[in-house]
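Engineer:
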Amino acid sequence: QKEVEQDPGPLSVPEGAIVSLNCTYSNSAFQYFMWYRQYSRKGPELLMYTYSSGNKEDGRFTAQVDKSSKYISLFIRDSQPSDSATYLCAMSLIQGAQKLVFGQGTRLTINP
Amino acid sequence: KAGVTQTPRYLIKTRGQQVTLSCSPISGHRSVSWYQQTPGQGLQFLFEYFSETQRNKGNFPGRFSGRQFSNSRSEMNVSTLELGDSALYLCASSLGFQTGDYEQYFGPGTRLTVT
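If you read the protein sequences in the order shown, they are chains A and F. For what it's worth, the working numbering labels the leading residue of the first sequence as -13, then goes sequentially. For what it's worth, the working numbering labels the leading residue of the second sequence as 8, then goes sequentially.
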């Protein structure tokens, strides 16, 4: 069993929809949680970065961390075709925080 | 501010050869991490360097090695290449543990094909 599980999709939604992306994890010691977006043939781009539990909002993106359930989410409001990409969750421990453990990534397509 | 740069962007090598990949971090970033991305295994951590010292290492064989220079630029080397080493190799930089800022920013990657 992988430490971080993420539904690979693919996920296809119409433009303007609210998108919900999720990851579950098994290691309760994870403290840093990130979401990256990766376009085809590009490197991952950092979208959201949170420490411990709680919510964080940045424009159309909201990240939620529920440590009690070992569950993190990324919500995208008013989705745009330019949001079509693979979304990767990542997390790390306090000790060795640079060592990110990634989910498999969810391929998202926003249809105009 | 320029982002993370990686060279070369594409490489084709033959089994048994060795390869060296280069990474220049964002100016001011002292931590450099390397990851391997494959369709089957996803993104996996290789190692991290800070101030020329390896601080963390992933579960890869000793054929994978790296180093960091005094200007924070980093190289990784893979010796005795195997077909399974074909992957996108990504470098990420951050300010590092001394600042408590662990946000990692990735470069475009080097796509290595082993034939």
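We put the beta carbon where it would ideally sit given N, CA and C, even for glycine.
1) Does any residue of chain A bring its CB to less than 7 Å from the CB of tyrosine 109(F)?
2) Which partner residues of valine 87(A) appear in the DSSP bridge assignment?
3) If I follow the unbroken beta strand (DSSP E) through valine -10(A), where does it start and stop?
4) According to the Cβ coordinates, are glutamine 75(F) and valine 39(F) closer than 7 Å?
5) DSSP three-state call for glycine 10(F): helix, strand or coil?
6) How far does the beta strand (DSSP E) with asparagine 63(F) in it extend, from its first residue to its last?
7) If contacts are defined as beta-carbon pairs under 8 Å, then valine 95(A) and proline -6(A) qualify, I think. What distance do you get, rounded to the angstrom?
8) Within this structure, are the beta carbons of threonine 12(F) and serine 34(F) separated by less than 7 Å?
9) Please determine, among Phe52(F), Ser79(F), Thr117(F), the residue with the shortest C-alpha to C-alpha distance to phenylalanine 67(F).
10) Using alpha carbons as the reference points, say which of Gln84(A), Arg27(A), Pro0(A) lies closest to alanine 76(A).
11) With a threshold of 7 Å between beta-carbons, can alanine 182(A) be considered close to chain F, or not?
12) Examine the Cβ distances between the segment 85 to 96 of chain F and the segment 60 to 76 of chain A and report whether three or more of them are shorter than 8 Å.
13) What residues of chain F sit near phenylalanine 88(A), judged by a beta carbon separation below 7 Å?
14) Between which two residues does the beta strand (DSSP E) containing arginine 23(A) stretch?
15) Return helix, strand or coil for leucine 90(F), following the three-state DSSP convention.
16) Can you find a C-beta in chain A that's less than 7 Å from the C-beta of serine 40(F)?
17) Rounded to whole angstroms, how far is the Cβ of isoleucine 19(F) from the Cβ of threonine 122(F), which I believe are closer than 8 Å?
18) Closer than 7 Å by beta-carbon distance: list the chain A residues that pair up with asparagine 63(F), in chain order.
19) CB phenylalanine 113(F) to CB proline 30(A), shorter than 7 Å?
20) Less than 7 Å between CB atoms is the rule here; does proline -6(A) satisfy it with respect to chain F?
21) Please report how far the alpha carbon of proline 0(A) lies from the alpha carbon of arginine 63(A), in whole angstroms.
22) Just list the residues that DSSP pairs lysine 20(F) with in beta bridges.
23) Can you tell me the Cβ-Cβ gap for phenylalanine 16(A) and leucine 79(A), rounded? I've got them flagged as a contact below 8 Å.
24) Excluding the 5 residues preceding and the 5 following arginine 23(A) in the sequence, name in chain order all residues of the same chain whose CB lies nearer than 6 Å to its CB.
Structural biologist: By the coordinates alone:
1) In the second sequence, counting from the first residue as 1, residue 109(F) sits at position 102. Closer than 7 Å: yes.
2) Walking along the first sequence from the start, residue 87(A) turns up at place 101. According to DSSP, which records beta bridges pairwise, valine 87(A) is partnered with Met77(A).
3) Numbered from its first residue, the first sequence carries residue -10(A) at position 4. Element bounds for valine -10(A): -10 to -8.
4) Residue mapping note: residue 75(F) aligns to position 68 of the second sequence, counting from 1. Residue mapping note: residue 39(F) aligns to position 32 of the second sequence, counting from 1. Yes, the pair counts as a contact, with Cβ atoms nearer than the cut-off.
5) If you number the second sequence from 1, residue 10(F) lands on position 3. Coil at glycine 10(F), not helix or strand.
6) Within the second sequence, the letter at position 56 stands for residue 63(F). Following the DSSP letters along the chain, one finds asparagine 63(F) inside the beta strand (DSSP E) bounded by residues 60 to 64.
7) Taking the first residue of the first sequence as position 1, residue 95(A) is located at position 109. Taking the first residue of the first sequence as position 1, residue -6(A) is located at position 8. Before going on, a small fix: residue 95(A) reads as threonine here, not valine. Contact flag wrong, Cβ pair sits at about 13 Å.
8) Locating residue 12(F) in the second sequence gives position 5, counting from the first residue. Locating residue 34(F) in the second sequence gives position 27, counting from the first residue. Contact: no.
9) For the purposes of this step, residue 67(F) is taken as the residue at position 60 of the second sequence. Comparing Cα positions, the closest option is Phe52(F).
10) For the purposes of this step, residue 76(A) is taken as residue 90 along the first sequence, with counting starting at 1. The shortest C-alpha separation from alanine 76(A) is found at Gln84(A).
11) The first residue shown for chain A is -13 and the last is 98, placing residue 182(A) beyond what the model contains.
12) They do not touch, by the three-pair rule.
13) Numbered from its first residue, the first sequence carries residue 88(A) at position 102. Chain F residues near phenylalanine 88(A): Gly49, Leu50.
14) If you number the first sequence from 1, residue 23(A) lands on position 37. Taken as a continuous stretch (DSSP letters only), the beta strand (DSSP E) holding arginine 23(A) covers 18 to 24.
15) Position 83 of the second sequence, counting from 1, holds the residue named residue 90(F). Correct three-state label for leucine 90(F): helix.
16) What you label residue 40(F) is simply residue 33 of the second sequence in a count that begins at 1. Yes, contact with chain A.
17) Residue 19(F) sits at position 12 when you count from the first residue of the second sequence. Residue 122(F) sits at position 115 when you count from the first residue of the second sequence. The C-beta distance from isoleucine 19(F) to threonine 122(F) rounds to 6 Å, short enough to fall under 8 Å.
18) Taking the first residue of the second sequence as position 1, residue 63(F) is located at position 56. Those within 7 Å of asparagine 63(F) in chain A are Gly82, Gln84, Lys85.
19) For this step, residue 113(F) is matched to residue 106 along the second sequence. For this step, residue 30(A) is matched to residue 44 along the first sequence. Yes; because the gap between Cβ atoms is below 7 Å, this pair is in contact.
20) In the first sequence, counting from the first residue as 1, residue -6(A) sits at position 8. Chain F contact via Cβ: absent.
21) What you label residue 0(A) is simply residue 14 of the first sequence in a count that begins at 1. What you label residue 63(A) is simply residue 77 of the first sequence in a count that begins at 1. The alpha-carbon atoms of proline 0(A) and arginine 63(A) are separated by roughly 12 Å.
22) Reading the second sequence from its first residue, position 13 is the one you call residue 20(F). For lysine 20(F), DSSP records a beta bridge to Val121(F).
23) Here residue 16(A) refers to the residue found at position 30 of the first sequence. Here residue 79(A) refers to the residue found at position 93 of the first sequence. Confirmed, Cβ separation roughly 6 Å.
24) By 1-based counting over the first sequence, the position of residue 23(A) is 37. Counting only Cβ-Cβ distances below 6 Å, and skipping sequence neighbours, we find Glu31, Leu33, Ala71, Tyr73.
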